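*Asks:*
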Ligand SMILES: *Cc1c(COP(=O)(O)O)cnc(C)c1O
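In our numbering, the protein residues as written are 3 to 337.
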């Protein structure tokens, strides 16, 4: 895809940035001497896990909420979420003073459910997959007139997430490679489009977990496919991309240069590296880019930026990982 057929206007990212400025923090990018030493190239970490609500999802959610017309605002918004989108959407809606309902599956960790309730959203737990939670969303849209704001496959969400890319270019103008955690592809679509519009030669690498990487399987198949949703340390990367995916599959296919998959052990190593070497508390999904470098799964020949995208990990789980336990989330809760 050339950038002219991109489903967003050329200035969508600049407009999004202006729109979200009052709600979203501008997060720092800091050099990582330890990663630079490991891979022989300068590496900056973009500390987006320090974002308000604990993840970048606030950017897309805020841009989408503030783009609604008056009638839609008066009825409110609804989201289906593995946690961080719900949290970002709840915060964005509260800031804008509108109603927010969040539907999620039972796989979502309790700490994330609690956090969303605390933000004043009406939380509904439905089924064991995002697809099942979607049924309740469809009902709320049809019967109560709420506007669905999905976690990734929406032009205003993608534009909001892309503001991360604008900041990366400003803070590390010499960047040659950007590493981005990849699930539904809203973040990587926005970042790749925003970055490549200005610097087409920058390489964009997506990082997912081996367990249930729907976008990677879809790219292999050449079209969106479903994969079983499995428990993983990178729980914010779980869930499908939607068989009726409109934007993110196409943009990821056309703009992303490489996708890397990580084992659970590698993700745990990434969380530990973030803590001991970078002194950052990062959730599994937020640690995958750093983990990919630590695992030696990406080759970097020039300056790179790795996004740390979220900090919403259960702190008890985090402590066990830091203490060296190989937490097998597959068997969590069984013993
Ligand atoms: C949602 C999320 C991602 C992946 O973003 P997508 O737009 O779904 O690809 C990565 N990291 C964290 C912490 C997230 O919450």
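Note that beta-carbon positions come from the ideal geometry of N, C-alpha and C, so glycine has one too. Given the structure is predicted, the values throughout are model-derived calculations rather than measurements.
#1: Would you check if the distance between the CB atom of residue 47 and the CB atom of residue 26 is smaller than 7 Å?
#2: My guess is that residue 272 and residue 293 are in contact by the Cβ rule of under 8 Å, so how many angstroms apart are they, rounded?
#3: Determine which residues share a DSSP beta bridge with residue 49 and list them.
#4: Give the DSSP-derived three-state secondary structure of residue 97 in the structure shown.
#5: Relative to the alpha-carbon of residue 312, which residue among 106, 15, 156 and 57 has its alpha-carbon at the smallest distance?
#6: Does residue 213 come within less than 7 Å of chain C when only Cβ atoms are used?
#7: Is residue 211 buried or exposed, if buried means 16 or more other CB atoms sit within 10 Å of its CB?
#8: Is DSSP giving residue 220 helix, strand or coil here?
#9: Have a look at 276, 239 and 199 and flag the residue whose alpha-carbon is nearest the alpha-carbon of residue 217.
#10: Have a look at 97, 122 and 131 and flag the residue whose alpha-carbon is nearest the alpha-carbon of residue 111.
#11: Between residue 35 and residue 44, what straight-line distance do the alpha-carbon atoms span, to the nearest angstrom?
#12: Three-state secondary structure (DSSP) at residue 166?
#13: Rounded to whole angstroms, how far is the Cβ of residue 128 from the Cβ of residue 134, which I believe are closer than 8 Å?
#14: Using the rule of at least 16 other Cβ atoms within 10 Å of the residue's Cβ for burial, across every protein chain shown, is residue 237 buried or exposed?
#15: If we count the other Cβ atoms within 10 Å of its Cβ and call it buried at 16 or more, is residue 141 buried or exposed?
#16: Would you report the Cα separation of residue 204 and residue 175, rounded to the nearest angstrom?
*Replies:* Working from what's here:
#1: Here residue 47 corresponds to residue number 45 of the chain shown, with the count starting at 1. Here residue 26 corresponds to residue number 24 of the chain shown, with the count starting at 1. The answer is no: Cβ separation not under 7 Å.
#2: The residue given as residue 272 occupies position 270 in the chain shown. The residue given as residue 293 occupies position 291 in the chain shown. Confirmed, Cβ separation roughly 2 Å.
#3: Numbered from 1 along the chain shown, position 47 holds the residue referred to as residue 49. 310.
#4: Within the chain shown, the letter at position 95 stands for residue 97. In the structure shown, residue 97 sits in a helix (DSSP, three-state: H, G or I).
#5: Locating residue 312 in the chain shown gives position 310, counting from the first residue. Per the Cα distances, 57.
#6: Although the question refers to chain C, the structure presented lacks it and comprises just one protein chain.
#7: As a working mapping, residue 211 is identified with position 209 in the chain shown. With 16 or more Cβ atoms within 10 Å of its Cβ, residue 211 is classed as buried.
#8: Within the chain shown, the letter at position 218 stands for residue 220. Note: residue 220 maps to helix in three-state DSSP.
#9: As a first step, residue 217 is located in the chain shown; it is residue number 215 there, counting from the start. Of the candidates 276, 239 and 199, the one whose C-alpha sits nearest the C-alpha of residue 217 is 239.
#10: Position 109 of the chain shown, counting from 1, holds the residue named residue 111. The option with the nearest alpha carbon to residue 111 is 131.
#11: Along the chain shown, read from residue 1 onward, the residue named residue 35 stands at position 33. Along the chain shown, read from residue 1 onward, the residue named residue 44 stands at position 42. Their Cα atoms are separated by approximately 8 Å.
#12: The residue given as residue 166 occupies position 164 in the chain shown. In the structure shown, residue 166 sits in a helix (DSSP, three-state: H, G or I).
#13: Taking the chain shown and counting its residues from 1, one reaches residue 128 at position 126. Taking the chain shown and counting its residues from 1, one reaches residue 134 at position 132. Right, the Cβ-Cβ distance comes to about 6 Å (below 8 Å), so this counts as a contact.
#14: Locating residue 237 in the chain shown gives position 235, counting from the first residue. Answer is buried; the Cβ neighbour count reaches 16.
#15: Reading the chain shown from its first residue, position 139 is the one you call residue 141. It is exposed - the Cβ of residue 141 has fewer than 16 other Cβ atoms within 10 Å.
#16: Against the chain shown, residue 204 aligns to sequence position 202. Against the chain shown, residue 175 aligns to sequence position 173. Approximately 10 Å between the Cα atoms of the pair.
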